[in-house]
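Asker:
Protein chains: 2
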Amino acid sequence: MTNKDARTPASVQSETSQEAGKSIGWHKAYVEGSRSDLRVPVRQVHLTNGQSVTLYDTSGPYTDPLVDTDVRRGLPPLRENWIIARGDTEEYAGRPVRPEDDGIKHTSPRGGLRNLDAVFPGRPRQPRRGRDGQAVTQLAYARRGEITPEMEYVAIRENVSPEVVREEIAAGRAVLPANVNHPEIEPMIIGKRFLVKVNANIGNSAVTSSIEEEVEKMTWATRWGADTVMDLSTGRNIHTTREWVLRNSPVPIGTVPLYQALEKVDGKAEELTWEIYKDTVIEQAEQGVDYMTVHAGVRLAYVPLTANRKTGIVSRGGSIMAAWCLAHHKESFLYENFEELCEILAAYDVTYSLGDGLRPGSIADANDEAQFAELRTLGELNRIAKRFNVQTMIEGPGHVPMHKIKENIDLQQEICDEAPFYTLGPLTTDVAPAYDHITSGIGAAMIAWWGTAMLCYVTPKEHLGLPNRDDVKTGVITYKIAAHAADLAKGHPGAQEWDDALSDARFEFRWEDQFNLALDPDTAREFHDETLPAEPAKTAHFCSMCGPKFCSMKISQDIRREHGGSRTEIEEGMAQKSKEFAEAGNRVYLPIAD
Amino acid sequence: MTNKDARTPASVQSETSQEAGKSIGWHKAYVEGSRSDLRVPVRQVHLTNGQSVTLYDTSGPYTDPLVDTDVRRGLPPLRENWIIARGDTEEYAGRPVRPEDDGIKHTSPRGGLRNLDAVFPGRPRQPRRGRDGQAVTQLAYARRGEITPEMEYVAIRENVSPEVVREEIAAGRAVLPANVNHPEIEPMIIGKRFLVKVNANIGNSAVTSSIEEEVEKMTWATRWGADTVMDLSTGRNIHTTREWVLRNSPVPIGTVPLYQALEKVDGKAEELTWEIYKDTVIEQAEQGVDYMTVHAGVRLAYVPLTANRKTGIVSRGGSIMAAWCLAHHKESFLYENFEELCEILAAYDVTYSLGDGLRPGSIADANDEAQFAELRTLGELNRIAKRFNVQTMIEGPGHVPMHKIKENIDLQQEICDEAPFYTLGPLTTDVAPAYDHITSGIGAAMIAWWGTAMLCYVTPKEHLGLPNRDDVKTGVITYKIAAHAADLAKGHPGAQEWDDALSDARFEFRWEDQFNLALDPDTAREFHDETLPAEPAKTAHFCSMCGPKFCSMKISQDIRREHGGSRTEIEEGMAQKSKEFAEAGNRVYLPIAD
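Protein chains in written order, with this note's numbering: chain A, -9 to 584; chain B, -9 to 584.
1) Leu340(B) and Val279(B) look like a contact to me (Cβ under 8 Å); what is the Cβ gap, rounded to whole Å?
2) Of all Cβ atoms in chain A, is any one closer than 8 Å to the Cβ of Asp78(B)?
3) Of all Cβ atoms in chain B, is any one closer than 8 Å to the Cβ of Asp92(A)?
4) Leu248(A) and Val255(A) look like a contact to me (Cβ under 8 Å); what is the Cβ gap, rounded to whole Å?
5) Counting along the chain, where does the alpha helix (DSSP H) carrying Ser493(A) start and finish?
6) List the endpoints of the continuous alpha helix (DSSP H) containing Asn71(A).
7) Taking its Cβ as the centre, do 16 or more other Cβ atoms sit within 10 Å of Arg577(B), making it buried, or is it exposed?
8) Could you check how far apart the C-beta atoms of Ala514(B) and Leu454(A) are, in whole angstroms? I think they sit under 8 Å.
9) How is Cys315(A) classed by DSSP in three states: helix, strand or coil?
10) Would you grab the beta carbon distance between Glu364(B) and Val288(B) for me? Rounded to a whole angstrom, and I think it's under 8 Å.
11) Is the segment 353 to 373 of chain A touching the segment 289 to 297 of chain A, taking contact as three or more C-beta pairs under 8 Å?
12) State yes or no: is the beta carbon of Arg496(A) nearer than 8 Å to at least one beta carbon in chain B?
13) For the beta strand (DSSP E) that contains Gln34(B), what are its first and last residues?
14) To which residues of the same chain is Arg500(B) closer than 6 Å at the C-beta, ignoring the five residues directly before and after it?
15) Just the chain E side, please: which residues come within less than 9 Å of His285(B) by C-beta, in chain order?
16) From the DSSP output, in three-state form, read off Leu262(A) for me.
17) Under 8 Å, Cβ to Cβ, is there at least one residue of chain A near Phe110(B)?
18) Going by DSSP, name the residue or residues bridged to Glu136(B).
19) On the CB-based measure, 16 or more other CB atoms within 10 Å of its CB, does Glu330(A) come out buried or exposed?
20) Within 10 angstroms of its Cβ, does Glu81(A) collect 16 or more other Cβ (buried), or is it exposed?
21) Measuring CB atoms only, is the segment 320 to 334 of chain B touching the segment 148 to 162 of chain B, in the sense that at least three cross pairs come out at less than 8 Å?
22) For Val205(A) and Met178(A), which I take to be in contact (beta-carbon distance under 8 Å), what is that distance rounded to the nearest angstrom?
23) To the nearest angstrom, report how far apart Asn506(B) and Asp426(A) are at their CA atoms.
24) Could you confirm whether any beta carbon from chain B is found closer than 8 Å to the beta carbon of His96(A)?
25) Once you ignore the five residues that flank Leu368(B) on each side, which residues in its own chain have a CB closer than 7 Å to its CB?
26) Indicate the three-state DSSP secondary structure (helix, strand or coil) for Asp519(A) in the structure shown.
27) Check the Cβ of Trp16(A) against every Cβ in chain B and list those closer than 8 Å, keeping chain order.
28) Between which two residues does the alpha helix (DSSP H) containing Cys446(B) stretch?
29) For the beta strand (DSSP E) containing Thr231(B), list its first residue and its last residue.
30) Spell out whether any CB of chain B is found under 8 Å from the CB atom of Tyr46(A).
31) What does the alpha-carbon distance come out to for the pair Asn(-7)(B) and Ala424(B)?
32) Measuring alpha carbon to alpha carbon, tell me which of Trp439(A), Thr468(A), Val61(A) ends up nearest Thr231(A).
33) Starting from Pro430(B), trace the alpha helix (DSSP H) in both directions and tell me its first and last residue.
34) So, are the CB atoms of Ala83(B) and Asn171(B) less than 8 Å apart?
35) On the three-pair Cβ rule with 8 Å, is the segment 384 to 395 of chain B touching the segment 455 to 466 of chain A?
36) Between Asp355(A), Ala508(A), Met141(A), which lies nearest to Val421(B) when the distance is taken from Cα to Cα?
The following block contains the structure:
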């Protein structure tokens, strides 16, 4: 996660993570690549001992005081020149936006007047798509041996060579979601050879929340480390909300087009058609959605497999498709039209996230026939997508007890040719509503260790309500913990440097450094100050847990200090003793009769 | 965890978990054993569908409205008659309580006047110990083939036969911590064949908190499911605080006698002596401490092994002993006098918790030579303890990345003859101060799955400050999740019934049942009501996450309903289809060219 010894940041802008007046903090910095418009943002933490630690940064231009951001204008189109320079895409008039895109079909009071203020006021833009016969996906470029600026960008972020990035994408083991209509993103990569990523879901519902809230949730989630954001809106103004989110998002945005399609038929699943769905996909692709969850694996024949389940079908997309299949007694229109869908996604470089519509919704239903039947179909669909040069990842469960987790990732990797796995949790028990960020954080850490590339967060509100700002933060932080724990367990190069820097700070009682290096500096500082608010406590060689006399680390330091001069000297002295001890055959145990 | 089909509770007292006026809730009930004074408390959750679920209960008489509790009087001495009836213990005058037991050595302003109000006002009691030559530990009884009332009690709690309990204790694979001077406890067992247990730490520090707060934290922790509580007080009034806690605790109480001993020598580690330590152990054993952490594995020769560590020695007990060893250049007095210590603990049936004084305090230090050298010594000490019939468990780390966790439990089980492992976390990363309940909950769930018998909780304040009431609750709930996830993964008989009951309630939109079955009903209800506060929402067939049109479980139910009559009929119909499908060879995939 750190790349202390890597490139020197090209420029370091000064910014404090706290309110003005705090002298120590972190700075937004950039690592420049092979061209001046390729500047990779990092979070540079300056320590009180003069060192600094560089951390991966997902927060976008919002944390750069030199960039004047305005959500009404949107973010600068970072990738625009790269996309244009490739010369394989063209602008076109695009599909006209219709009132029903925002769920305004009727003039009933509920339908109401369109809130004109809500329309995104930013620069006018025309959608872009691949020219006829042109393969414009990162997968196509990688297969051709081309290293795109996007690939170089993520190579710098991940501290690997661009060739590794290209290889992993070409092999289908990684995806770089980057719709040609979403030039605002800072490219990132999802694959098991890279840092484990975290997705945060946002989105309004029929019951509550506004456009402003969703944009705010997106910037808030990325502020805490979300690598991608899914807009799962199901309420009003779906199109317009998404426009605001896309134009302001520094991370790839995912959606489930089926949700909006269902809104267009007033929530009646049986009235869905391929045409309505396709139109919705084009609508969203033109806006710039980077990856789409497609539940094409929910086939007619699998629905009966869920009959004896404890919790039936718990995926919204899965249940909608199951309802459609049964209503018409026909095969899924997503499955039947999958090749045409591939052509559409390929034209915009939209990445597939093949949805697990039959994922288990309870411990009892984990790893059952329905789930694995669908997974085998996703394996087939993955191969089709690859024929069309569409980048593809595979979604995974759900609710799975710990002893059944490994089977999920192992089977997925086998069946889906190592395509990136993207799992929701899994939740390792059903008994803790209000704490499902934790029940699932446990499963997430484990499945990521074993090879899952991206984790979809779960917030404390899961199963109970719509997450608010605090829930989003708690969900993201919990999943960043799971992801980083997995990076450590996988031995990801450089991952442990972050832990080491924080542990050094802890041992040396550099409290400010501990706070600034923490995943959540604000809460760490707040918790410390709750018991010891006075400023001198920030340099005290103890904390309120044990008090001054009982601090083990202080005693540990005293031992080193008292039995020699400097810490280095005593360490050398103790190391020498340790060596002698080893040379004596480690015979330290008293002979004790059993 | 549930024993739905087990014994009928002897009596069910009515009590609501919420304020008066809520009609549905849970009740404290008792399962009677072979004698009328052997009544095992359970939490009986009454569901709106007429069924009920019985859950393990640690909350003590406080949640029984028929028991008139008063912290100034203490809990009724449940086990007193059992202990007396065995006829192998005797009351004696006991060690006089001295001012310095409470840290009042001087008459300085800081030493101050003793707060007489703080003296525990309950019934006068004399300490009790084993008569000369009598082995009065549960281990001794088990080895002799005796099934004590305590063993029968835990057998009912665990839904196993008393003989299994006796066997596991006799083999040293489980401990039943129950000091003869702590008759108030409701017996419980710690061992890998039983439900995974959770310990909560309380205790004041030199910096903050009062006796009342500590008693309140203890009852609060057990209210949320703590199976044992350690009083780690290091501030003033250590003796008196412990007396209050013991007399009011329904769960076994553990301590680290070294902390109090150090207070008696004004915090100067080098002034500690075996006599002061021994006197402290007797003082605490007479009060009724059920298990004691003893850092006898920190030997002189191991201290240099910590020299090159990133975070040195982070166990308070470990660092105190290391400081003593180095100051005197002598072997640890705990190690040297271990046999005499065994004799003392045996006389009261105090259980050893052999401390891991050299546990790693950072990811960098995990599984190092210092840690495993100490573990090997703990293996030797375990065998000595068993010779003296002292029940023994072994403490474990600490900070350990996921890929190094399994080695810890495997080595411990091998070296320590399968003695119960009792671990602190482990924390799977160092980078998230303020969220270490989560970094460690991940490791705790994993290590418990692999055989750890008890988990010491970590609160959000770990590394930062002293936990308050909310932190204690969060820590306990997080660790109950880890423990239950492990019970599920181990396939503990009955564990999944709890998850199944909650998932059934979820699928059938029985919101009140979901809340009442939740580990934390209050927060689950509060989160739900935050978005949908109206009473009808409690019976609504959707929640605020998706709203009515998008609820997958509603659609799932509708599918079942629309394609047949009753849910049973449609399930049968779908199952039949599923059977036909299987008989047709599961050939559901379209032939697709790769």
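The beta carbon of each residue, even a glycine, is placed where N, CA and C say it ideally should be.
Keep in mind it's a predicted model, so treat the numbers as computed, not measured.
Answerer: Reading it off the structure:
1) The sequence shown places Val at residue 340(B), not Leu. Contact flag correct, Cβ pair sits at about 6 Å.
2) So, not an interface residue.
3) Not one beta carbon of chain B lies nearer than 8 Å to the beta carbon of Asp92(A).
4) Rounded, the Cβ-Cβ distance is 11 Å, inconsistent with contact.
5) Its alpha helix (DSSP H) spans residues 485 to 497.
6) 70 to 76
7) Bear in mind that a pLDDT of 32 at Arg577(B), under 50, signals an unreliable position, so the number given afterwards is only what the model happens to contain. Under this definition Arg577(B) is an exposed residue.
8) 6 Å
9) helix
10) 6 Å
11) yes
12) yes
13) 29 to 36
14) Thr38
15) Among the chains of the structure shown, chain E does not appear; the protein chains present are A and B.
16) When secondary structure is reduced to three states using DSSP, Leu262(A) falls in the coil class, being assigned neither helix nor strand.
17) no
18) Beta-bridge pairing links Glu136(B) to no other residue.
19) exposed
20) Glu81(A) should be labelled exposed.
21) No, the segment 320 to 334 of chain B is not in contact with the segment 148 to 162 of chain B.
22) At roughly 20 Å, the Cβ-Cβ gap does not stay under 8 Å, so Val205(A) and Met178(A) are not in contact.
23) 16 Å
24) The pLDDT assigned to His96(A) is 45, lower than 50, so where the model puts this residue is not dependable, and the model offers no usable value.
25) Gly287, Leu344, Ile384, Cys406
26) helix
27) Chain B residues near Trp16(A): none, gap ~14 Å exceeds 8 Å.
28) Where Cys446(B) is concerned, there is no enclosing alpha helix (DSSP H), although the beta strand (DSSP E) it sits in stretches over 444 to 446.
29) If you look at Thr231(B), you'll find it isn't in any beta strand (DSSP E); it sits in the alpha helix (DSSP H) that goes 228 to 238.
30) no
31) Confidence is the limiting factor: at Asn(-7)(B) the pLDDT is only 38, short of 50, which leaves the residue's position unreliable and the question unanswerable from this model.
32) Thr231(A) has its Cα closest to that of Val61(A), out of Trp439(A), Thr468(A), Val61(A).
33) The question names Pro, but residue 430(B) is Ser in the sequence shown. In this chain, the alpha helix (DSSP H) harbouring Ser430(B) covers 426 to 439.
34) no
35) Segments in contact, no.
36) Of Asp355(A), Ala508(A), Met141(A), the residue nearest in Cα terms is Ala508(A).
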